[in-house]
Amino acid sequence: MEVLSGMPLDQFLKQRIFDPLGMEDTFFEVPDDKEYRFAANYSYNKRKKQMELIDAPHTSKFVKKVTFFSGGGGLVSTTEDYWRFCQMMVNDGLFNGQRLLGRKTVELMRSDHMPTALAEHDPHSAWAFGLDFRILKNAPSFQAPGSKGVYFWGGAAGTLFWIDPEEDLVVVTMIQLRQSPYNLRREMHSLVYQAIVD
Numbered sequence: 132m133e134v135l136s137g138m139p140l141d142q143f144l145k146q147r148i149f150d151p152l153g154m155e156d157t158f159f160e161v162p163d164d165k166e167y168r169f170a171a172n173y174s175y176n177k178r179k180k181q182m183e184l185i186d187a188p189h190t191s192k193f194v195k196k197v198t199f200f201s202g203g204g205g206l207v208s209t210t211e212d213y214w215r216f217c218q219m220m221v222n223d224g225l226f227n228g229q230r231l232l233g234r235k236t237v238e239l240m241r242s243d244h245m246p247t248a249l250a251e252h253d254p255h256s257a258w259a260f261g262l263d264f265r266i267l268k269n270a271p272s273f274q275a276p277g278s279k280g281v282y283f284w285g286g287a288a289g290t291l292f293w294i295d296p297e298e299d300l301v302v303v304t305m306i307q308l309r310q311s312p313y314n315l316r317r318e319m320h321s322l323v324y325q326a327i328v329d
C-alpha cells in the first residue's frame, strides 16, 4: 500500500478508511489526550490461577512513538470504531451513503481462497481463509450455532469481530486478557446466536 499510494501506512489508513468511516479513536499510537481512556491488558497465570497485569496504559508500547507501521497488527481502537468498519463490510463496502469498497471486492475478500490441496487435507474443517478474514464454511463442524459464510478476525488479547451476512449481523467483543481460562469467544458466539428468535 505504501508503494502504490506513495504515503506511509498510517496516513493511508487515516485518509482512506478511518476518516471516511468516522473512526476517530483508531491509531498505531495512542495520542496523549486519549491515554486516560486506554485499557490495561492482562494475562491469566495458570499456575497462580490469577490475572496479572502485562501492559499498563501509561507504559505501553502503544503510547510510545511508533516507527514501524505493521500491516498485520498494532492498531488500537474502540468498540464503536471497530463497529463502523464492520458495518461498512456488512453493507458490502458502503457506510453512511459513502462507498469505500466495491461490492464485488467485498465478495472477493470474504470468499474461500484456500488452495484445493490444503482444503482436501482436512475436508471436515469448519474454517477457510479469505482475504483478511477467516470464514466459516462448515457450520456443523464448528459445533456451535452460526451461518455458513460468517467471517471474522481476532486479536491476541481476545479482541474479536465477526460478520454474518445471512443474518445482517455484526458482533464486536473487546477483551483485554491473554491466556484466558475461559473460551470467551465461543461463549459469546453461542449466546449471540441463541438470542436470535425470529
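Under this note's numbering, think of the first position of the sequence shown as 132, with each following residue one higher. We put the CB at the ideal spot given by N, CA and C, even for glycine. It should be emphasised that the depicted structure is a prediction, and the values quoted were computed from it without experimental measurement.
Residue i, DSSP secondary structure in three states
i	result
R178	coil
D212	helix
I327	coil
Y167	helix
I306	coil
D186	strand
L267	strand
L232	coil
L206	coil
V108	A question about residue 108 goes unanswered here, because the residues of the chain that appear run from 132 up to 329.
F199	coil
F149	helix
V237	helix
Span separating the alpha-carbon of residue i from that of residue j
i	j	result
M219	W258	23 Å
E155	F226	15 Å
V134	A326	46 Å
F264	F169	26 Å
G205	S278	30 Å
W293	L140	24 Å
W284	T290	8 Å
Q229	E183	43 Å
A288	F149	22 Å
E211	D243	28 Å
L152	V301	16 Å
G224	S136	20 Å
M132	G203	13 Å
M138	D164	25 Å
S256	H189	42 Å
Within 8 Å, strictly: CB atoms of residue i and residue j
i	j	result
S174	I185	yes
D299	V237	no
V303	C217	yes
L267	M240	no
Enclosing alpha helix (DSSP H) for residue i [first to last residue]
i	result
R241	No alpha helix (DSSP H) holds R241; DSSP gives it neither H nor E.
F143	140 to 144
Y134	In the sequence on display, residue 134 carries Val and not Tyr. 133 to 136 is the extent of the alpha helix (DSSP H) around V134.
Range of the contiguous beta strand (DSSP E) that encloses residue i
i	result
F292	291 to 295
F283	282 to 285
A257	Element bounds for A257: n/a, residue is neither H nor E.
Do the segment 231 to 242 and the segment 299 to 313 touch if we need at least three Cβ pairs shorter than 8 Å?
no
Taking three-plus beta-carbon pairs below 8 Å as touching, is the segment 313 to 326 in contact with the segment 177 to 193?
no
Decide if the segment 146 to 166 is in contact with the segment 273 to 288; the criterion is three or more beta carbon pairs, one per stretch, under 8 Å apart.
no
Stretch pair the segment 142 to 159 + the segment 197 to 216: three plus CB contacts closer than 8 Å
yes
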